[in-house]
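K.L.:
So that we are looking at the same thing, I have put the structure below in structure tokens.
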Amino acid sequence: MEATEVINDEIVMDSYEEEMSFDILEDSYTILVSEKLQDYLDKQLLIQKHPEFKTVTDTTYLFDLKNRNHIEKIRFLDQPKNFSDSITIITTEIQFGNLEKDTVISYIKTSSTLIDGVKFRTSKVSFERLKTSKKQK
2 MEATEVINDE
12 IVMDSYEEEM
22 SFDILEDSYT
32 ILVSEKLQDY
42 LDKQLLIQKH
52 PEFKTVTDTT
62 YLFDLKNRNH
72 IEKIRFLDQP
82 KNFSDSITII
92 TTEIQFGNLE
102 KDTVISYIKT
112 SSTLIDGVKF
122 RTSKVSFERL
132 KTSKKQK
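Just so we're aligned, residue 2 is where the sequence shown starts under our numbering, counting upward by one.
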């Protein structure tokens, strides 16, 4: 947010950031993670049909694509954990349109940039497969 006032013909701009409640923050994380996961899924389905679109960076495997072409909803399995000042980690459960579920770890990297006295926040999301231990028979 920004407050502007005029004192003796001088414009004084104060830039400040409001604290977000956890509910608002969680809602924004949910939207961001949902969109990025659907982008990942759409890109992987495109590559499956058109391998010529595959690049070196498209080698990350998150989950099986079989009969999974739409993300129905996501749910965070735990509270967001701050790994550092700019990185938040959340274990995310994904429910697909066919009611199957999978789990990934979401890394949300947030940075701020000040442009002409206005603070802009940008966020990038990356994912990692959740490593589970399976007992060997």
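For every residue, glycine included, the Cβ atom is placed at its ideal position computed from N, Cα and C.
#1: Among Lys67, Leu46 and Ile90, which residue has its Cα nearest to the Cα of Lys125?
#2: Can you check whether the CB of Val105 is closer than 9 Å to the CB of Arg130?
#3: Using the Cα positions of Asp40 and Leu26, report the straight-line distance between them to the nearest angstrom.
#4: Can you look up Lys37 in the DSSP assignment and give me helix, strand or coil?
#5: When you compare the CB positions of Ser87 and Lys110, do they come within less than 9 Å of one another, or not?
#6: For Ser124, report the span of its beta strand (DSSP E) as first-last.
#7: Please state whether DSSP places Gln96 in a helix, a strand or coil.
#8: Given a cut-off of 9 Å, decide if Leu46 and Thr93 are closer than it, judged by their beta-carbon atoms.
#9: Within its chain, find whatever has a CB closer than 6 Å to the CB of Lys82; leave out the 5 residues flanking it on each side and keep chain order.
P.N.:
In short:
#1: Ile90
#2: yes
#3: 21 Å
#4: helix
#5: yes
#6: Val119 to Arg130
#7: strand
#8: no
#9: Ile90
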